[in-house]
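>
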Amino acid sequence: MQKMSVNQCPCCPDDRLKRLEVRESQVVAERFQQLNRKKYGGYMSGWEGELSLQLFQCAGCGHVWHAEHPDQESLFGMYAHGRRMRVTSADRPPTNRMCREMRQFARLVGARHLDQGLLDFGSGGGRWSVAADLAGFQVTAYEPSAARVPSQSRIRQITDLRELEGAQFSAVNLEQVLEHVPDPMGLLQTIKSLMQPGGVLRISVPDICKHLNGTWLEDYPFNGREMHIMSPFEHLHGFTRKSLISLLARSGWRIVSGFDLISASPLLFSRYFLSSAGLPISRTLLFVEPQEC
Ligand SMILES: [Zn+2]
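Plus 664 on top of the position in the sequence shown (first one is 1) and you've got this note's numbering.
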């Protein structure tokens, strides 16, 4: 395992960072080991000695991140060893909300008179891919962790990005993926190279602001039952709406206009408006398109 250090905000140019107060190291190390045994079958044994579990926060955009994390290959190994914390069926169908959101996305892309080819980037258990398929998209599901890919006949499934060489999509879905990746700016630039002109990226991340209160670090990194919002090393990033918008702008993306959204779906627009007004919605959802050079 190789150690990666991050000493600057990954999202904005502000260089003022603060160290967040985590418990004394012995308690944190024991909780980390409990997480390691329960969730990852011991795959991360010893990491607490090699990696700091310190969290940083940007004074400018509020973004929270791990001061140190393992390299990408080790993270893939960690995911491959991860077990579900709750007992759920592996083949659950998408929820009504997922299907509704994908229909709204299909209308937004369809209004641009583009084809309906969608890349579900980091498709995980595949439920969003199925919802996109039901909404009329021709879906390609990319999931690097091969163990997680279910079999869905109509959906093209790939585990290696090289299989997409030369491909261009009118829609990309990035659902709760960006908070897991070591280099979110690099990923957003890769996705930009896969977009058709006028294509739309739908991006959703948990909103760290909904978790920040006086006690949010008391049970970090693990309380014995549920994953922490900054669980090492699943969530490498705690995005705020401000940090996500800043990262997108620096990676060459701009937000789709409110006019386009309201034309495609008044319901979608109203949700979008409530979220931007800071109402308590636990995730940030944005639709963006590549900036013209
Ligand atoms: Zn920042």
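All C-beta atoms, glycine included, are put in the ideal place defined by N, C-alpha and C.
This structure is a prediction, so every number in the text was calculated from the model and none was measured.
Pick out the complete alpha helix (DSSP H) segments inside the stretch 757-784, 4 residues or longer, and give them in chain order.
The qualifying runs are 760-774.
> According to the Cβ coordinates, are Ala928 and Ala775 closer than 7 Å?
Start at 1 with the first residue of the sequence shown, and residue 928 comes out as number 264. Start at 1 with the first residue of the sequence shown, and residue 775 comes out as number 111. Result yes, Cβ atoms of Ala928 and Ala775 sit closer than 7 Å.
> Check this for me: beta carbons of Ser716 and Ala693, under 7 Å apart or not?
Counted from its first residue, the sequence shown places residue 716 at position 52. Counted from its first residue, the sequence shown places residue 693 at position 29. No, these two residues do not count as a Cβ contact at 7 Å.
> Can you list the residues near ligand 1, meaning Cβ strictly closer than 6 Å to any non-hydrogen atom, in the order they appear in the chain?
Cβ-based neighbours of ligand 1 within the cut-off: Cys673, Cys675, Cys676, Asp678, Cys722, Gly724, Cys725, His727 and Ser907.
> Is it a yes or a no for the stretch 780-788 touching the stretch 835-844, going by three-plus beta-carbon pairs under 8 Å?
Yes, they touch.
> Beta-carbon within less than 6 Å of Thr804's beta-carbon, same chain only, minus the 5 sequence neighbours each way: which residues are those?
Along the sequence shown, read from residue 1 onward, the residue named residue 804 stands at position 140. Only Leu783 and Arg820 meet the Cβ criterion.
> Rounded to whole angstroms, what's the CA-CA distance from His875 to Gly902? Just pull it up for me.
Here residue 875 refers to the residue found at position 211 when the sequence shown is read from its first residue. Here residue 902 refers to the residue found at position 238 when the sequence shown is read from its first residue. C-alpha separation (whole angstroms): 10 Å.
> Is His899 buried or exposed, if buried means 16 or more other CB atoms sit within 10 Å of its CB?
What you label residue 899 is simply residue 235 of the sequence shown in a count that begins at 1. Label assigned to His899: buried.
> Taking the alpha carbon of Asp678 as the point to measure from, which residue in Leu925, Gly850, Lys906 and Ser946 has its own alpha carbon closest?
By one-based count along the sequence shown, residue 678 stands at place 14. Here the closest residue by C-alpha is Lys906.
> What residues in its chain sit with their C-beta under 7 Å from that of Gly706, if we drop five residues either side in the sequence?
Within the sequence shown, numbered from 1, the residue matching residue 706 stands at position 42. Here the set comprises Asn700.
> Taking the continuous alpha helix (DSSP H) assigned at Gln853, which residues delimit it?
Taking the first residue of the sequence shown as 1, we reach residue 853 at position 189. Residues Pro848 to Ser857.
> DSSP state of Ala799, grouped into three classes?
Stepping through the sequence shown from its first residue, residue 799 is reached at position 135. Coil, per DSSP.
> CA-CA distance, Ala735 and Val845?
Stepping through the sequence shown from its first residue, residue 735 is reached at position 71. Stepping through the sequence shown from its first residue, residue 845 is reached at position 181. Reading off the sequence, residue 735 comes out as Asp, not Ala. The straight-line gap from Cα to Cα measures roughly 10 Å.
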